[in-house]
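Working notes, structure below.
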Amino acid sequence: MVESQVVVAPPAGATIFLVATVTPGHEDTVRGLLEDVAGLRRSVAYRAPEDLLTCVVGIGSAVWDRLFAGPRPRGLHPFVELTGEHHRAPSTPGDLLFHLRARRTDLCFELARLLTERLRGAVTVVDEVHAFRYFDERDLLGFVDGSENPQGRLAHESVFIGEEDPDFRGGSYVTVQKYLHDLHDLPAWQALPDDEQAKVIGRTKAANVELPDGAKPADSHVALTTITGEDGGERKIVRENMPFGTVGEGEFGTYFIGYARTPDVTEQMLRNMFLGEGRATHDRILDFSTAITGCLFHVPTADFLDDLPAAPGSLEPGGPGGDRS
-14 MVESQVVVAP
-4 PAGATIFLVA
6 TVTPGHEDTV
16 RGLLEDVAGL
26 RRSVAYRAPE
36 DLLTCVVGIG
46 SAVWDRLFAG
56 PRPRGLHPFV
66 ELTGEHHRAP
76 STPGDLLFHL
86 RARRTDLCFE
96 LARLLTERLR
106 GAVTVVDEVH
116 AFRYFDERDL
126 LGFVDGSENP
136 QGRLAHESVF
146 IGEEDPDFRG
156 GSYVTVQKYL
166 HDLHDLPAWQ
176 ALPDDEQAKV
186 IGRTKAANVE
196 LPDGAKPADS
206 HVALTTITGE
216 DGGERKIVRE
226 NMPFGTVGEG
236 EFGTYFIGYA
246 RTPDVTEQML
256 RNMFLGEGRA
266 THDRILDFST
276 AITGCLFHVP
286 TADFLDDLPA
296 APGSLEPGGP
306 GGDRS
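Residues -14 to 310 in the numbering used here are what the sequence shown lists, from first letter to last.
Pasting the structure below:
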């Protein structure tokens, strides 16, 4: 049975997001670290197992063929930049993602320290975000985030690859974007009455209840990010968004992270948000929140990381991980 990484997990109290690019010529160092991530996590988590430290590793399209010989995940490609009439979703560099979660900040920090220490000189950290739980799972706009996440078996069916890509069954895809609420956006947002804010989001603020279809504007966030398949059923992703901020620098916002079985679902959501759909020219939440990064990663299984495929150019195609039949 395939062992997946811990993609579906209880809400965390603290999170660190690390995005890094790999320096050419240092791929062997990265491969060595990938094989040791599970052990490093266990070493830190052993001190406080009840605080549920996890680390999910994602690998980007640009570095995949530099690290591994053999097949690629079918859905892996660079993040697709979107430029709409009013807003833009940029595509930014990112070869590796480390998504660290726990009930305590110190566990995340210690594991992040060990990871970056091992990778010193081999990677450049291009984005580092220390995020936190904000009251009852709310974002900095004051709304509950992620309440529509699938649960149980549906969550696993929504995020883990199946027989459609048997070489990577049990893996996943993850899209990340860093959204900022700048010093002009937030006061404008706070000036809106709660009922107007609810129309932007598509849910009530206090009770976190989705607005009925007749009252939900076509350009609300909920309306544009609800994706249905050809069978009429809703296609789901698992969001693990977290708020972050540095009050002295005035930089704060929401770090979007969405896990999915295929990137198609998340990409359709983003197209609707930035390019519009039907009567909506764009998602109104973008009038108060600006995307400044965008990356897509494949999340391999835990088994894949424990037994990596051969490196490119290896003379041992049947070596460690070389034969994955």
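Glycine included, every Cβ here is placed at the ideal spot set by N, Cα and C.
Classify residue i as buried or exposed, calling it buried when 16 or more other Cβ atoms lie within 10 Å of its own Cβ.
| i | result |
| --- | --- |
| Leu254 | Looking at the sequence shown, residue 254 is not Leu but Met. Buried. |
| Gln136 | exposed |
| Asp124 | buried |
| Ser28 | exposed |
| Gly261 | buried |
| Gly214 | exposed |
| Ser132 | exposed |
| Ala173 | exposed |
| Phe259 | buried |
| Gln182 | buried |
| Tyr311 | Coverage of the chain is limited to positions -14 through 310, which leaves residue 311 absent and any answer about it impossible. |
| Glu148 | exposed |
| Gly45 | buried |
| Val(-8) | buried |
| Pro34 | exposed |
| Pro197 | exposed |
Please list the terminal residues of the continuous beta strand (DSSP E) segment that includes residue i.
| i | result |
| --- | --- |
| Met227 | 227 to 231 |
| Leu85 | 81 to 87 |
| Phe282 | 280 to 284 |
| Thr210 | Taken as a continuous stretch (DSSP letters only), Thr210 belongs to no beta strand (DSSP E), being part of the alpha helix (DSSP H) at 206 to 210. |
| Phe94 | Premise fails: Phe94 lies in the alpha helix (DSSP H), 90 to 103, not in any beta strand (DSSP E). |
I'd like the list of long-range same chain contacts for residue i, defined as Cβ closer than 8 Å, with 5 residues on each side in sequence excluded.
| i | result |
| --- | --- |
| Pro75 | Glu66, Ala276, Ile277, Thr278, Gly279 |
| Gly307 | Its pLDDT being 46, under 50, Gly307 is placed unreliably by the model, and the measurement read from it follows with that caveat. Cβ neighbours of Gly307 beyond the five flanking positions: Ala54, Gly55, Pro294, Ala295, Ser299, Glu301. |
| Leu104 | Ala5, Thr14, Val15, Leu18 |
| Ala191 | Asp179 |
| Val110 | Leu3, Val4, Ala5, Thr101 |
Can you list, in chain order, the residues of its chain whose CB lies under 7 Å from that of residue i, leaving out five sequence neighbours each side?
| i | result |
| --- | --- |
| Thr286 | Val(-13), Glu(-12), Ser(-11), Gln(-10), Gly155, Gly156 |
| Gly218 | none |
| Ile146 | Phe153, Arg154, Gly155, Gly156, Ser157, Arg246 |
| Leu139 | Lys221 |
| His72 | Phe259, His267, Leu271 |
| Thr77 | Thr278, Gly279, Cys280 |
| Ser205 | Lys184, Val185, Ile186, Gly187, Arg269 |
Can you give me the Cβ contacts of residue i inside the same chain, cut-off strictly under 6 Å, excluding the 5 residues immediately before and after it?
| i | result |
| --- | --- |
| Arg59 | Asp150 |
| Val7 | Val15, Val48, Asp80, Val108 |
| Thr231 | none |
| Phe1 | Per the sequence presented here, residue 1 reads as Ile, with Phe not at that position. Contacts found: Leu85, Cys93, Ala97, His115. |
| Gly303 | With a pLDDT of only 46 at Gly303, under 50, the local geometry of the prediction cannot be trusted, and the value read off the model is given with reservation. None. |
| Asp170 | Phe273 |
| Arg118 | Gly(-2) |
| Val161 | Ile242, Cys280 |
Where do the ends of the alpha helix (DSSP H) carrying residue i lie?
| i | result |
| --- | --- |
| Ala296 | Looking at the DSSP string, Ala296 is not in any alpha helix (DSSP H), and its letter there is neither H nor E. |
| Val41 | Unbroken run through Val41 is the beta strand (DSSP E), 39 to 45; no alpha helix (DSSP H). |
Kindly confirm or deny that the segment 266 to 278 and the segment 83 to 93 touch, where touching means at least three C-beta pairs closer than 8 Å. Segments in contact, no.
Inter-stretch contact at 8 Å, needing at least 3 Cβ pairs: the segment 165 to 174 / the segment 234 to 246: Taking 8 Å as the limit for Cβ pairs, the verdict is that the segment 234 to 246 does touch the segment 165 to 174.
Only counting runs of 4 or more residues, tell me where the alpha helix (DSSP H) segments fall wholly within the segment 106 to 184, in order along the chain. Runs of the alpha helix (DSSP H) lying entirely within the segment 106 to 184, each at least 4 residues long, are 137 to 144, 170 to 175 in chain order.
Mind listing, in chain order, the continuous alpha helix (DSSP H) runs of no fewer than 4 residues lying wholly within the segment 239 to 274? The DSSP assignment places 248 to 260 as complete runs of the alpha helix (DSSP H) inside the segment 239 to 274, in order along the chain (cut-off: 4 residues).
Could you tell me whether the segment 208 to 216 touches the segment 260 to 271, using the rule of 3 or more Cβ pairs below 8 Å? Flag = yes, the segment 208 to 216 and the segment 260 to 271 touch.
Taking the runs of the alpha helix (DSSP H) that are 4 residues or longer, which of them lie wholly in the segment 8 to 36? Within the segment 8 to 36, the alpha helix (DSSP H) runs of at least 4 residues that lie entirely inside it are, in chain order, 12 to 30.
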